[in-house]
Amino acid sequence: AVSIASGVVEIRKANPKLNIKKLFHSGMVIGRDHMGAMANTLIFAYVGASLSTLLLYNQFGGSWLKFLNFDIVSDEILRSLSGTIGLVLTVPMTAILAAMACIKLPDVPVEIEQVQTETDDSQQTHY
Numbered sequence: 008a009v010s011i012a013s014g015v016v017e018i019r020k021a022n023p024k025l026n027i028k029k030l031f032h033s034g035m036v037i038g039r040d041h042m043g044a045m046a047n048t049l050i051f052a053y054v055g056a057s058l059s060t061l062l063l064y065n066q067f068g069g070s071w072l073k074f075l076n077f078d079i080v081s082d083e084i085l086r087s088l089s090g091t092i093g094l095v096l097t098v099p100m101t102a103i104l105a106a107m108a109c110i111k112l113p114d115v116p117v118e119i120e121q122v123q124t125e126t127d128d129s130q131q132t133h134y
């Protein structure tokens with residue numbers, strides 16, 4: 008979420024004339040890239056955590072329906088669903104909040120900000 012928000016801020020600094028819709032769209036593009044990487048990580052984390060559950064099914068020898076009704080299995084299914092829903096909802100929420108916050112920033116282009124930083128650095132006294 009931090010990388011989405013910081014990306015939107017940098018886009019706003021580069022082009023202060025962008026409206027909230029374009030900033031939101033930029034945040035969503037950044038978020039989709041991160042969501043793809045995070046989805047793979049989430050899948051591997053859940054598969055790794057549920058290996059013991061899969062071994063339990065292998066030894067159980069019953070039907071899938073009975074196996075899915077075990078508490079441990081249903082807990083894992085609910086954890087993976089809630090993690091996925093959280094991941095999917097985080098991207099648009101962060102993008103819209105970052106776009107709304109960036110609209111309130113003053114219109115200062117990047118070049119002016121860099122010149123001010125260089126001027127401030129040269130005026131510092133070194134002991």
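Residue numbers (the numbering used here): 8 to 134.
Each residue gets a CB set at the ideal place from its N, CA and C atoms; glycine is no exception.
Could you check which residue in the options has the C-alpha nearest to that of residue i?
i, options, result
"HIS41", "LEU75, SER59, LEU94, VAL54", "LEU94"
"TYR53", "LYS29, GLY90, PHE74", "GLY90"
"PRO113", "ILE84, LEU25, LYS73, SER10", "LEU25"
"SER10", "LEU72, LYS28, MET107, GLY38", "GLY38"
According to the neighbour-count rule (16 or more other Cβ atoms, all chains shown, within 10 Å of its Cβ), is residue i buried or exposed?
i, result
"VAL179", "Look at the range of the chain in this structure, 8 to 134, and you will see that residue 179 is not part of it."
"ALA188", "Residue coverage of the chain in this structure runs from 8 to 134, which leaves residue 188 outside it and unanswerable."
According to DSSP, is residue i helix, strand or coil?
i, result
"PRO99", "helix"
"SER70", "coil"
"LEU61", "helix"
"PHE77", "coil"
"LEU85", "helix"
"LEU112", "coil"
If you follow the alpha helix (DSSP H) that residue i is part of, which residue opens it and which one closes it?
i, result
"LEU25", "Note, LEU25: premise wrong, no alpha helix (DSSP H); not H, not E."
"ALA21", "9-21"
Inset, instruction - Specify whether the stretch 30-37 and the stretch 54-65 touch according to this definition: at least 3 beta carbon pairs, one from each stretch, less than 8 Å apart. - result: no
Legend entry - Cβ contact check for the stretch 16-30 and the stretch 69-81: 3 or more pairs under 8 Å: no
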